[in-house]
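When you line the sequence shown up against the working numbering, it's residues 784 to 1080, in that order.
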Amino acid sequence: MNHLPAWLRELYPFTPQRFTTPSGAGMSYVDEGEGTEAVLMLHGNPTWSFYYRDLVKAIAPKKRCIVPDHIGMGLSEKPENYAYTLATRIDDIAALVESLGLTKVDLVVHDWGGAIGFGFAQRRPDLIGRITILNTAAFTSIHLPRRIALCKFGGVGPALVRGVNAFAWPATWMAMSRRALSNDENRGYLYPYDSWANRVAVSAFVQDIPMRPSHPTWPTLQIVEDGIAKFRDRDVLILWGGRDFCFNDQFFKEWETRLPQAKTMYLEDAGHYVLEDARGDAIPRICEHLLQDKRTV
C-alpha cells in the first residue's frame, strides 16, 4: 500500500492482500470487513478493484467485501506468459474463495466479471447468496461493437491496445455518460496500465472474447451460460446503465429473460461504468439489496 501515490490512496484507502493463484501468479485483492459471509465483487476489462472502491466503503462496515484484481490487471502480477482465458480466471477466483474459507458469497459482477462470476457460481451454487448484475454478460453473443472488434484483429489489435492504450484510455470517457471522471479518478483507472508490459491482460481479455463456436473459450462460456438457470431461485438485482456502447439493451433484456425473478433498476442516462457514472443512485440501491434483513425478503 505504501508504494501507491498519495492521490490514489485518497480514493483507494485499502491495504491490498496477496494470493498466489493455482498457476503461480500473484493476485492482489481487497479484503475489508469481517466474517465468513462476504460480498465478492468482480471487475472486467479494463478496470480493476478501483471500480468498486465506493461500494466497498459503503458495505464493509456491515459486511465483509472481497475484491480481487484479475491476474494482469490492477495491482496483481502481470506475467507476459499466462493462460489469460476465462477458464483460468474462473479457476483463480474459485481458489481464492476456497483459501478464504467463505461460507456464503454474494456476487456483484460487471463487464467480464459476469462470465467469471457466474462461472464460479455454477461450480459452487451452494455458496451463492444474492447477486447484483451491472452491465455485463455471461452468455454467448455475436454482438460486438466495431471498436472492440478492431482491437481483436490480428497484430493491429495488440498494437492499439498495448501500444497506444487504445482500450483503457478511451474507456475513461466512452464508459461515462452522466458526468466526466475527475482528473484523479481518470488517473486511477489508468494507473495500472502505464506501459506495453502492463497492458498485457487488457489485450488478452479482448482476444479471449469468443465470437464463434471455434474460439477456444466458446465451450467454457457455453457452460457458464447453461449454469445461469441454477440461480432463478436467488435474490437478484439487475442494475443497468442504458447508454452502454458495448453491453446494450439486448443484453439487459437477455438477463431479464434468463432470470425473470430479478428486480431491475434501469438508468437510462448512465454509461457502461454505471457504478461510477451513477453512484448516487447505484450504491444506495445495491446496499439496500445486499444488506436488507433476510427476514424482510
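All C-beta atoms, glycine included, are put in the ideal place defined by N, C-alpha and C.
All values reported here derive from a predicted model rather than from experimental measurement.
- Item | Alpha-carbon spacing of residue 980 relative to residue 920, whole angstroms | About 28 Å.
- For residue 1044, the three-state DSSP class (helix, strand or coil): Coil.
- Quick one: what's residue 1056 bridged to in DSSP? Residue 1056 pairs with nothing; no bridge assigned.
- Query: Considering only residues of the segment 851–920, which uninterrupted beta strand (DSSP E) runs meet the minimum length of 3 residues and lie entirely inside it, listed in chain order?
  - Reply: The DSSP assignment places complete beta strand (DSSP E) segments of no fewer than 3 residues inside the segment 851–920 at 887–894 and 911–919, in order along the chain.
- Pick out the complete beta strand (DSSP E) segments inside the segment 952–1035, 3 residues or longer, and give them in chain order. DSSP runs (the beta strand (DSSP E)) wholly in the segment 952–1035: 1019–1026.
- Any chance the segment 885–893 sits against the segment 821–828, with 3 or more Cβ pairs inside 8 Å? The segment 885–893 vs the segment 821–828: in contact.
- Query: So, helix, strand or coil for residue 1080, using DSSP?
  - Reply: With a pLDDT of 39 at residue 1080, under the threshold of 50, the predicted position of this residue should be treated as unreliable, though the coordinate-derived value follows. Coil.
- Message: Closest to residue 808 by C-alpha separation, out of 948, 990 and 862, would be which residue?
- Response: That would be 862, whose Cα lies nearest to the Cα of residue 808.
- Query: Quick one: what does DSSP say residue 1072 is sitting in, helix, strand or coil?
  - Reply: In the structure shown, residue 1072 sits in a helix (DSSP, three-state: H, G or I).
- Query: How long is the line joining the alpha carbons of residue 784 and residue 829, rounded to whole angstroms?
  - Reply: Unreliable positioning characterises residue 784 in this predicted model, as indicated by a pLDDT of 45, which lies under 50. A coordinate reading is not provided.
- Query: Does DSSP put residue 1050 in a helix, in a strand, or in coil?
  - Reply: Reduced to three states, the DSSP call for residue 1050 is strand.
- Query: Once you ignore the five residues that flank residue 986 on each side, which residues in its own chain have a CB closer than 6 Å to its CB?
  - Reply: Contacts found: 941, 944 and 945.
- Query: Under 9 Å, do residue 913 and residue 1017 count as touching if we go by C-beta distance?
  - Reply: Yes, the pair counts as a contact, with Cβ atoms nearer than the cut-off.
- Item | Separation of residue 904 from residue 885, as counted between CA atoms | C-alpha separation (whole angstroms): 13 Å.
- Taking Cβ to Cβ, would you say residue 960 is nearer than 9 Å to residue 1026? Yes, the pair counts as a contact, with Cβ atoms nearer than the cut-off.
- Query: With 16 other CB atoms within 10 Å as the buried threshold, where does residue 1008 fall?
  - Reply: Taking all protein chains shown into account, residue 1008 has 16 or more neighbouring C-beta atoms within 10 Å of its C-beta and is therefore buried.
- Item | Cβ distance (whole Å) where residue 896 is taken to contact residue 826 below 8 Å | The pair is a contact, with the Cβ atoms about 5 Å apart (cut-off 8 Å).
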